[in-house]
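Inspection log for the structure reproduced underneath, given as C-alpha cells.
In the working numbering, the protein residues as written are 268 to 414.
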C-alpha cells in the first residue's frame, strides 16, 4: 500500500469514528434514528416512494435485513407500505408526515453541525471536498457493485 492510500485509510477510520459521534448526538432527541433508518428515510425523501428491493440493492443488504429495518420504521410511524399498483405482489414504501418531520429535523441538526465543523473553510475547499467525496463514492459503487 502506498503512503497516500495508507493516509486515506487512516483518515477514513478517524472520519467514521467522528461521524458516529454526530450520529449518536442526533439520537438523543425525542426520536431516535439509527443509521439504517436514516439511510432509508433519506433515500425516500430524495428519490420518492419505492419498492423494498431497491433498498436491498442500493445498500448491498439482504432483503430480509431491509424488511426488518422497514418494519421498525413502520412500527415507529415514520414510514408506510402500500400495494404496488403495477405488481400487486410487491409493496411501495414511503415516508409518513411524521417521518418527513423527523428526517427534516435530523438533517437540519446534522447540517448545522457540519456548518460548525467547516465554518473556517473557504467555499472552494468545501466544494472540492464535496467533489472528491462524490468521486470516491462513485468509485466505491463500481468496485463494490452498489447502486
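Where is the CB? At the ideal position from N, CA and C, for every residue including glycine.
Item: Rounded Cβ spacing between residue 289 and residue 380 (contact assumed at less than 8 Å); Value: 6 Å
Item: Stretch-stretch touch, CB-based, cutoff 8 Å, three pairs: the stretch 326-336 with the stretch 402-410; Value: no
Item: Residue environment, residue 364, which counts as buried when at least 16 other CB atoms sit within 10 Å; Value: exposed
Item: In DSSP terms, what residue 381 is bridged to; Value: According to DSSP, which records beta bridges pairwise, residue 381 is partnered with nothing at all.
Item: Residue 357 versus residue 373 - alpha carbon distance; Value: 30 Å
Item: Contact check, residue 304 vs residue 362, beta carbons under 8 Å; Value: no
Item: Pick from 355, 369 and 384 that is closest to residue 286, judged by C-alpha positions; Value: 384
Item: Alpha helix (DSSP H) segment containing residue 415, residue limits; Value: Any question about residue 415 goes unanswered here, given that the chain covers just 268 to 414.
Item: Contained alpha helix (DSSP H) runs [length at least 4] in the stretch 319-356, N- to C-terminal order; Value: 319-326 and 330-342
Item: Proximity to residue 345 [Cα-Cα], best of 331, 352, 323 and 312; Value: 312
Item: Residue 351 vs residue 318 beta-carbon contact at 8 Å; Value: yes
Item: Span of the alpha helix (DSSP H), counted from its first residue to its last, around residue 358; Value: Note, residue 358: premise wrong, no alpha helix (DSSP H); beta strand (DSSP E) at 358-362.
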